[in-house]
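Chains as they are written, first to last, in our numbering: chain A, 2 to 164; chain B, 2 to 164.
As structure tokens, the structure follows; a few thoughts come after it.
2 protein chains.
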Amino acid sequence: MTVIYDLPGHLIRRLHQISVSAFTAETAAAGFDLTPVQFAALSMLEENPGIDQATLAGLIAYDRVTIGGVISRLEARGLIERTVCESDRRARTLRLTERGASVLRTIWPAVRRTQEVIFADLSDDERATLLSLMRKIADANNDLSRAPLRAATGRPDQDTSGS
Amino acid sequence: MTVIYDLPGHLIRRLHQISVSAFTAETAAAGFDLTPVQFAALSMLEENPGIDQATLAGLIAYDRVTIGGVISRLEARGLIERTVCESDRRARTLRLTERGASVLRTIWPAVRRTQEVIFADLSDDERATLLSLMRKIADANNDLSRAPLRAATGRPDQDTSGS
DNA sequence: TACTAATAATACGCATACTACCTATTAATT
DNA sequence: AATTAATAGGTAGTATGCGTATTATTAGTA
């Protein structure tokens with residue numbers, strides 16, 4: 002009958018919609034006000050302090066323009082610190098503030114609950130299968146996206162000591 | 002290492018990103034200028050002529066406000082006709098124009114190619130498994146979304162003759 | 001050294017997505 | 001009949017997500 006429902010793209014969109022909704026609900030219930038993108042940015046910055054916006058965009062597979070806006074809002078809220086890179090004055094070096102690190106530490110339980118909510122009706126086997134198949138598609142079509150996943154290139158200002 | 006990559010939500014977002022990108026690329030290459038949402042709206046209207054915006058939103062699981070904007074743009078481009086419903090003057094009766102129906106007829110091959118591109122690296126079994134698991138999650142968490150899927154209720158002005 | 005190409009970030013515009021609020025209209029209730 | 005509740009659609013505001021163009025800066029080349 003309705004052909005739309007059989008299209009993978011439609012199902013994927015529904016899943017995304019549900020995933021974002023679950024994230025918002027769980028984190029809001031825990032007292033946080035972060036979007037999935039903002040969380041991803043903070044999380045990636047914690048593990049790669051000192052990277053610039055373009056590198057961050059590549060690491061979480063986002064458009065550079067989009068990340069610029071996300072970073073601006075996180076900076077305005079005092080969760081991220083943005084300074085001009087000394088070795089390349091075109092770039093902006095990004096770092097978590099103390100408050101940003103604190104938020105990230107405390108929000109993780111809610112984020113884990115989000116994933117549990119989404120997968121609630123699947124068995125362990127089904128979860129593993131689904132994750133594996135999704136990863137396969139994401140990896141295979143990485144270049145198809147306008148914001149492909151890219152590894153960090155190791156900028157001059159980036160900390161390599163780890164956290 | 003990087004925990005983000007293991008989160009289902011992140012993978013789902015990547016899939017969605019890839020799906021939208023593939024849709025845009027394939028349809029644009031075929032000479033069309035439709036977004037996935039616009040296509041879904043047109044497609045659903047073809048099968049349910051005469052429904053109002055709220056019903057349409059429910060059928061394709063979209064937010065009512067979002068659909069309002071989508072409909073406005075489609076109407077401005079002459080693909081959809083929007084008239085005040087006679088039996089309920091709050092509602093707007095939606096119908097495809099001749100041009101809208103024509104676009105829909107000719108764009109389908111490109112849409113099918115989109116799905117083929119996304120699933121290119123999966124076997125038939127894997128495709129079936131993935132679709133089945135995604136459908137399971139979408140169905141189970143329908144109410145979790147702010148725009149749950151809802152069946153048409155059969156408004157007075159809706160055509161029941163079928164296409 | 002002057003010119004060119006490449007890159008980081010931004011500005012602008014379009015199109016989702018959703019929350020909160022508002023108006024008009026209809027349905028339900030007293 | 002009057003009041004209340006519910007519904008359809010809209011506006012305003014925030015936040016993605018991405019295309020295109022522009023600016024500042026760096027790197028490469030003649």
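We put the CB at the ideal spot given by N, CA and C, even for glycine.
Expected contact under 8 Å - CB spacing of residue i and residue j to nearest Å
i        : j       : result
A/Thr130 : B/Gly10 : Contact doesn't hold; Cβ gap of about 17 Å is too wide.
A/Ala141 : B/Leu12 : Actually they are not in contact, since the Cβ atoms of A/Ala141 and B/Leu12 sit about 13 Å apart, beyond 8 Å.
A/Ile119 : A/Ile19 : 7 Å
A/Asp53  : A/Ala92 : 4 Å
Under the three-state DSSP convention, the category residue i falls into
i        : result
A/Thr130 : helix
B/Arg78  : coil
A/Asp89  : coil
A/Asp64  : coil
A/Thr25  : helix
A/Thr124 : Note on residue identity: the sequence assigns Ser, not Thr, to residue 124 of chain A. Coil, per DSSP.
B/Asp34  : coil
A/Leu16  : helix
A/Asn142 : coil
B/Leu8   : coil
B/Gly163 : Note that B/Gly163 scores a pLDDT of 38, beneath 50, so its modelled location is shaky; the value from the coordinates is reported in the next line. Residue state, collapsed to three classes: coil.
Residues that DSSP places opposite residue i in a beta bridge
i       : result
B/Thr84 : B/Thr94
B/Asp53 : B/Thr94
Residue nearest to residue i in terms of C-alpha spacing, selected from the options
i        : options                                : result
B/Thr28  : B/Glu48, B/Gln54 and B/Thr107          : B/Thr107
B/Asp144 : A/Asp144, A/Leu16 and A/Gly51          : A/Leu16
A/Thr98  : A/Phe33, A/Ser44, A/Asp34 and A/Ser20  : A/Ser44
B/Ala58  : B/Val118, B/Leu95 and B/Gln18          : B/Leu95
A/Phe40  : A/Glu117, A/Lys137 and A/Ala111        : A/Ala111
B/Val21  : B/Thr36, B/Leu46, B/Ala31 and B/Gly32  : B/Thr36
A/Val85  : A/Phe24, A/Gly51, A/Gly32 and A/Arg136 : A/Gly51
Near the ligand FAD: residue i beta-carbon under 6 Å from a heavy atom
i       : result
B/Tyr63 : No copy of the ligand FAD appears in this structure; indeed no ligand is present at all.
**Message:** Give me the subset of the segment 71 to 92 of chain A whose CB atoms are less than 9 Å from a CB atom of chain B, sorted by chain position.
**Reply:** Those would be none; no residue qualifies.
**Request:** Determine which residues of the segment 19 to 35 of chain A have a Cβ less than 7 Å from any Cβ of chain B, and write them out in chain order.
**Result:** Taking 7 Å as the cut-off between beta carbons, the residues of the segment 19 to 35 of chain A near chain B are Ile19, Ser20, Ser22, Ala23 and Phe24, in sequence order.
**Request:** Report the residues of the segment 33 to 53 of chain A with a CB closer than 8 Å to any CB of chain B, ordered along the chain.
**Result:** For the segment 33 to 53 of chain A, which is checked against every Cβ of chain B, the residues closer than 8 Å are Pro37, Ala41, Ser44, Met45 and Glu48.
**Request:** Would you list, in chain order, the members of the segment 125 to 139 of chain A that have their beta-carbon closer than 7 Å to a beta-carbon of chain B?
**Result:** Listed by position along the chain: Glu127, Thr130, Leu131, Leu132, Leu134, Met135, Arg136, Lys137, Ile138 and Ala139.
**Item:** Residues within the segment 104 to 124 of chain B neighbouring chain A, beta-carbon criterion of under 8 Å
**Value:** Cβ contacts with chain A: Val112, Thr115, Gln116, Val118, Ile119, Phe120, Ala121, Asp122 and Leu123.
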